[in-house]
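Peer 1: So for the sequence shown, my numbering puts the first residue at 83; every next one is plus one.
Ideal Cβ positions, reconstructed from N, Cα and C, are used throughout, including at glycine.
Sharing a structure below in structure tokens format, with a few things to ask.
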Amino acid sequence: MNDDLVPMRRQPSLHENRLASCGGLLLALFALALTTACTDRMTSSDDRWSRGGELIAMSGGEGGARYACVTCHGARGEGNGFDAPRLAGLPTGYLQKQMEDYATGLRAHEVMRDVARFLDSHERVRVANYYAALPPLALTPATEEVIAATTPGLYASACQQCHGVDGVGTVNGPPLNAQPALYLAQQLQDWQVSKRRNDGNHVMLKVAQQLKPEEVTQLSLYLSRIPPRPAPAAR
83 MNDDLVPMRR QPSLHENRLA SCGGLLLALF ALALTTACTD RMTSSDDRWS
133 RGGELIAMSG GEGGARYACV TCHGARGEGN GFDAPRLAGL PTGYLQKQME
183 DYATGLRAHE VMRDVARFLD SHERVRVANY YAALPPLALT PATEEVIAAT
233 TPGLYASACQ QCHGVDGVGT VNGPPLNAQP ALYLAQQLQD WQVSKRRNDG
283 NHVMLKVAQQ LKPEEVTQLS LYLSRIPPRP APAAR
């Protein structure tokens, strides 16, 4: 007879088996609930950010930081005071159309073409809504040179019908006030040579081609110093 007896392992009772099964089930359910909650929270957060025009403007969307709107147009859509225009407070429809025209090549600009093409149509709308809702920043006081160059009469005869009194914009034309003088002058020059041609009836081409070089400068300086204010509501 073998004296080395192997102790018998006690078998768990039915009650203990049920407790173990319930405990495992509870742990599994808890883990599932925790995972679902985290996933829902992340999804909700991700959706919130992905839907926001602000995030696209700050990050550049699929294009990355190189194509972020804030790189040229400022943290609050104020423009750079040079060749990048103010976006804050411009009409949503106008902003959206410009991005669509950049994407299709109807409005020529190498950088803006790439920026617009990295965004789909829904993202362009979100960005347009974001900038349209931003309040324009106040301007610094005008210099004597600018005051001397103001030509309200020239503006009234050439631009006011479509762009409104003091360049605040109408349903037929975007606001021009408080835009950088260099940007405005460049746009007029682009219209003159048909480099820019993305208006529906080519009125800007006709108007711009009638302006003399000194008038382009005067109009640009004049409009750049008019304080920004909301455009009239569309009827």
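(1) Within the chosen definition, does the region 143-156 reach the region 240-247 through at least 3 CB pairs nearer than 8 Å?
(2) Less than 7 Å between the CB of residue 281 and some heavy atom of the ligand FMN, yes or no?
(3) For the region 200-225, list the beta strand (DSSP E) runs that are entirely contained and at least 3 residues long, ordered along the chain.
(4) Which value, in whole angstroms, describes the spacing of the CA atoms of residue 186 and residue 198?
(5) Spatial neighbours of residue 298 within its chain, please: C-beta separation below 7 Å, excluding the five flanking residues on both sides.
(6) Answer with buried or exposed for residue 320, where buried requires no fewer than 16 other C-beta atoms within 10 angstroms of its C-beta.
(7) Comparing alpha-carbon positions, which option in 256, 159, 153 and 300 lies nearest residue 235?
(8) Evaluate residue 283 with the Cβ neighbour count: other Cβ atoms within 10 Å of its Cβ, from every protein chain shown; 16 or more gives buried, anything less gives exposed.
(9) Note down, in chain order, each residue of its chain lying with its Cβ closer than 6 Å to the Cβ of residue 273, except the 5 sequence neighbours on either side.
(10) Out of 256, 204 and 238, state which residue places its alpha-carbon closest to the alpha-carbon of residue 167.
(11) Can you tell me whether residue 195 is helix, strand or coil according to DSSP?
(12) Does the beta-carbon of residue 204 have 16 or more other beta-carbons within 10 angstroms, so that it is buried, or is it exposed?
(13) Go ahead and label residue 260 buried or exposed: buried means 16 or more other beta carbons lie within 10 angstroms of its beta carbon, across all protein chains shown.
(14) Could you give the distance in angstroms between the alpha-carbon of residue 158 and the alpha-carbon of residue 170?
(15) Shortest alpha-carbon distance to residue 219 belongs to which of 252, 156 and 183?
(16) Can you tell me the Cβ-Cβ gap for residue 165 and residue 304, rounded? I've got them flagged as a contact below 8 Å.
(17) Looking at the structure shown, is residue 168 part of a helix, part of a strand, or coil, going by DSSP?
(18) Measuring CA to CA, which of 211, 154 and 254 is closest to residue 194?
(19) Could you say which of 161, 137 and 139 lies nearest to residue 263 if we only look at CA atoms?
(20) Per DSSP, what kind of secondary structure is residue 189 in: helix, strand or coil?
Peer 2: Straight from the coordinates:
(1) Judged by Cβ distances under 8 Å, the region 143-156 makes no contact with the region 240-247, as fewer than three pairs qualify.
(2) Absence of the ligand FMN is noted for the structure shown, with no ligands found whatsoever.
(3) If we require 3 residues or more, the region 200-225 turns out to have no beta strand (DSSP E) run fully inside it.
(4) 9 Å
(5) 267, 270 and 271
(6) Not covered by the structure: residue 320. The range shown for the chain is 83 to 317.
(7) 300
(8) exposed
(9) 286, 287 and 290
(10) 256
(11) helix
(12) exposed
(13) buried
(14) 7 Å
(15) 156
(16) Not quite, the Cβ-Cβ distance comes to about 18 Å (not below 8 Å), so this is no contact.
(17) Here DSSP, grouped into helix, strand and coil, assigns residue 168 to coil.
(18) 154
(19) 161
(20) Residue 189 falls in the strand class under three-state DSSP.
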